[in-house]
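This report refers to the structure that appears directly beneath it.
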Ligand SMILES: Nc1ncnc2c1ncn2[C@@H]1O[C@H](COP(=O)(O)OP(=O)(O)OP(=O)(O)O)[C@@H](O)[C@H]1O
Ligand SMILES: [Mg+2]
């Protein structure tokens, strides 16, 4: 597969339309996503907030091509995910999407540095050691380069995983509660790193968070309830402050 080119400026990096996804729980499927629509453009950070179990991680998995939706459309860089085969989706994810997980997902048998260059290795590409080295410094983890994840704190593991997600300057960054398991100071650092990387690389970012302060770093905050994104209640631009996010969560009963 040829890697899709950067989309025209008016085309969303991520476009989701009428997305439906059920999870089978025993014999009864529960419809988690019931018609989700979302566009995110280059350089934009969009935060999604909503109650536990509402389907935020499910949405991210579908966008990443790790789960298949029941119906609806997902386009990443203009590429229709449903029109790609499994291999095509995997290549698109590896080459153009960076994923940050709540529980880090580092490979336990690889060192910090090896984890950072993993996106090249699993793609059969030669690692860009200059880029990896710059990322190592950028996240401040040079002293942990040769350590295994088991020898790192949670915050250190997350910083390494941020470096891994960003090393190839992905067009789309998906971050699922990236500060959920680190202390407050590290969480602020992680959000600053993500915001800087987004600005420098012009990436689009979908951030799932329960933290109003993190959400307030986004350009737009969209709330999720009952399987839908409530775009009418979204906050955008200067209206995005942690106080406004708190108020909106209260209004929506989230
Ligand atoms: N593989 C699965 N099989 C069955 N049900 C699932 C599966 N994955 C998720 N679910 C269910 O789908 C719903 C949405 O889960 P999801 O993980 O997307 O929620 P979330 O919004 O990310 O919640 P949290 O804020 O707690 O992370 C939940 O009710 C969950 O139990
Ligand atoms: Mg989740």
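In full-length UniProt numbering, the protein residues as written are 1 to 254. For each residue, glycine too, the CB sits at the ideal point set by N, CA and C.
query                                                                                                                                     : result
For residue 179 and residue 216, believed in contact at Cβ under 8 angstroms, the rounded distance                                        : About 13 angstroms separates the two Cβ atoms, so there is no contact after all.
Where residue 142 falls, given that 16 or more other Cβ within 10 Å makes a residue buried                                                : exposed
Start and end residues, alpha helix (DSSP H) containing residue 135                                                                       : 129-138
Chain-order list of residues whose beta-carbon lies under 6 angstroms from that of residue 149 (same chain, five-residue window excluded) : 106, 108 and 157
Beta strand (DSSP E) segments (min. 3 residues) lying fully within the region 161-186                                                     : 172-176
Residue 163, buried or exposed, once every other Cβ within 10 Å from all chains shown has been counted against 16                         : buried
Exposed unless 16 or more other CB atoms sit within 10 angstroms - verdict on residue 209                                                 : buried
Boundaries of the beta strand (DSSP E) in which residue 84 is found, first to last residue                                                : Taken as a continuous stretch (DSSP letters only), residue 84 belongs to no beta strand (DSSP E), as it is neither H nor E.
Option in 196, 194, 182 and 102 with minimal Cα separation from residue 176                                                               : 102
heavy atom of ligand 2 below 7 angstroms from residue 214 C-beta                                                                          : no
Beta carbon of residue 72 nearer than 8 angstroms to that of residue 17                                                                   : yes
Nearest-residue set for ligand 1, Cβ under 5 angstroms from any heavy atom                                                                : 23, 32, 52, 53, 54, 55, 56, 57 and 58
DSSP beta-bridge partners of residue 225                                                                                                  : 228
Exposure of residue 85, with buried meaning 16 or more beta-carbon neighbours within 10 Å                                                 : exposed
First and last residue of the uninterrupted beta strand (DSSP E) at residue 20                                                            : 14-25
Rounded distance between the beta-carbons of residue 89 and residue 65, thought under 8 angstroms                                         : 4 angstroms
Nearest-angstrom beta carbon gap, residue 171 and residue 13 [assumed within contact, 8 angstroms]                                        : 6 angstroms
Cβ-heavy atom distance, residue 176 to ligand 2, below 7 angstroms                                                                        : yes
6 angstroms Cβ shell around residue 168 - same chain, five flanking residues per side excluded                                            : 119
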